[in-house]
Amino acid sequence: MDLLYWKSYLHARVAEIEPLMTTPWGFISASVVIELLARIVNGIGRGKLTRQQFEAFVLGWMDDYGPNAERPFKFNSPVVRLTNSVEAAESEEKSLATQMYCIMRSSMVHNLSLVAGDSELRSGGADYSIYMTDRKTAETQGLKHLQNYENDAVVFVGEDLLDDIGKVIDKVFAAAQGDEALRANMAKHLSERTPVTLPGKSNE
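Numbering (our numbering), first residue to last: 41 to 244.
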């Protein structure tokens, strides 16, 4: 496995996304790259990436998105999961990693919506828990990436999200140089489910 090639490949895909960050397609594409990285790290190959694996990737590899961040993000209100029980479920802390999976990765990617479906509600998702914007608009509105927003949403500034994804790419490939198990997982996924390259186009 050529680590330098795949690192360059992923950075090239992120660069292609940046002009789209004023549209929903930018965030959808960013979500795809995050999931791809989670699959690569876990060596998923042709298998299924679980919600738990996705969330663990966010918490473990995306430095500013977990509890160990310099300024950890916290929602202001809890969430109550949808259940089949006649009794209401107990409220629990609303997780940023869960909202990224349920709302951005699932609802946005598959339904072009910030509204959670039943499966997302059962997993702890909450409608409109992510407020998506671009850097120019955020600056005009005085908003910053990963800050609290109205109706208990988190602000995602598109270009800042892409910067963070770029840092994760660097972090993963740096770690792979000294981690044989991680390198094996990466090789497994990239060989079994190789990411697409358009004919006649380079990855630079």
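Just so it is clear, CB atoms sit at the ideal spot from N, CA and C, and this is done for glycine as well. Quick caveat: nothing in here was measured; it's all calculated off a predicted structure.
Please report the straight-line C-alpha distance between Y189 and M41, rounded to a whole angstrom. Using only the alpha carbons, I get a separation of about 43 angstroms.
So, at 6 angstroms on beta carbons, what are the nonlocal neighbours of E199 in its own chain, with the 5 sequence-adjacent residues on each side left out? M61 and R175, listed in sequence order.
So, at 7 angstroms on beta carbons, what are the nonlocal neighbours of L152 in its own chain, with the 5 sequence-adjacent residues on each side left out? The beta carbon of L152 lies closer than 7 angstroms to those of P64 in the same chain, with the five residues before and after it left out.
Please determine, among Q139, T180 and Y49, the residue with the shortest C-alpha to C-alpha distance to Q92. The shortest C-alpha separation from Q92 is found at Q139.
Output needed for A156: all residues of its chain with C-beta closer than 7 angstroms, excluding positions within five of it in sequence on either side, in chain order. The answer, listed in chain order, is C142, I143, S147, G165, A166 and D167.
Count the other C-beta atoms from every protein chain shown that fall within 10 angstroms of the C-beta of H191, then say buried if there are 16 or more, exposed otherwise. The sequence shown places Asn at residue 191, rather than the His named in the question. Here N191 is exposed, its C-beta having fewer than 16 other C-beta atoms within 10 Å.
Straight-line gap, L99 to K228 (C-alpha atoms, nearest Å): Cα to Cα, L99 sits roughly 23 angstroms from K228.
Report yes if the CB atom of R79 is closer than 7 angstroms to the CB atom of R121, and no otherwise. The Cβ atoms of R79 and R121 lie no closer than 7 angstroms to each other.
I'd like to check one pair, R223 with R86: are the Cβ atoms closer than 7 angstroms? Their beta carbons are not under 7 angstroms apart, which means R86 does not touch R223 by this criterion.
Could you tell me the distance, in whole angstroms, from the CA atom of A70 to the CA atom of A137? Cα to Cα, the separation comes out at about 15 angstroms.
Going by C-alpha to C-alpha distance, which of G218, H185 and S159 sits closest to R111? When each option's Cα is compared against that of R111, the closest is H185.
Just to confirm my understanding: we take N82, look at its own chain, exclude 5 residues before and 5 after, and list those with CB closer than 8 angstroms. What are they? Beyond the five residues adjoining it in sequence on each side, N82 comes within less than 8 angstroms, by CB distance, of L89, Q93, F97, N225 and H229 in the same chain, given in chain order.
Helix or strand or just coil, what does DSSP make of Y168? In the structure shown, the three-state DSSP call for Y168 is coil.
What does the alpha-carbon distance come out to for the pair P118 and A214? Cα to Cα, P118 sits roughly 36 angstroms from A214.
Let me know the secondary structure DSSP gives A55 once reduced to three states. Looking at A55 - three-state DSSP - the assignment turns out to be helix.
Quick one: measure Cβ to Cβ for V194 and Y171, integer angstroms, because I've assumed they're closer than 8 angstroms. The Cβ separation is near 7 angstroms, so the contact holds.
Short Cβ contact (7 angstroms threshold) for A178 with L43: Between A178 and L43, the CB-CB gap reaches or exceeds 7 angstroms.
Beta bridge counterpart(s) of A193 as assigned by DSSP: Within the DSSP secondary-structure output, A193 pairs in a beta bridge with Y189.
Which residues bound the alpha helix (DSSP H) around F67? Boundaries of the alpha helix (DSSP H) around F67: P64 to N82.
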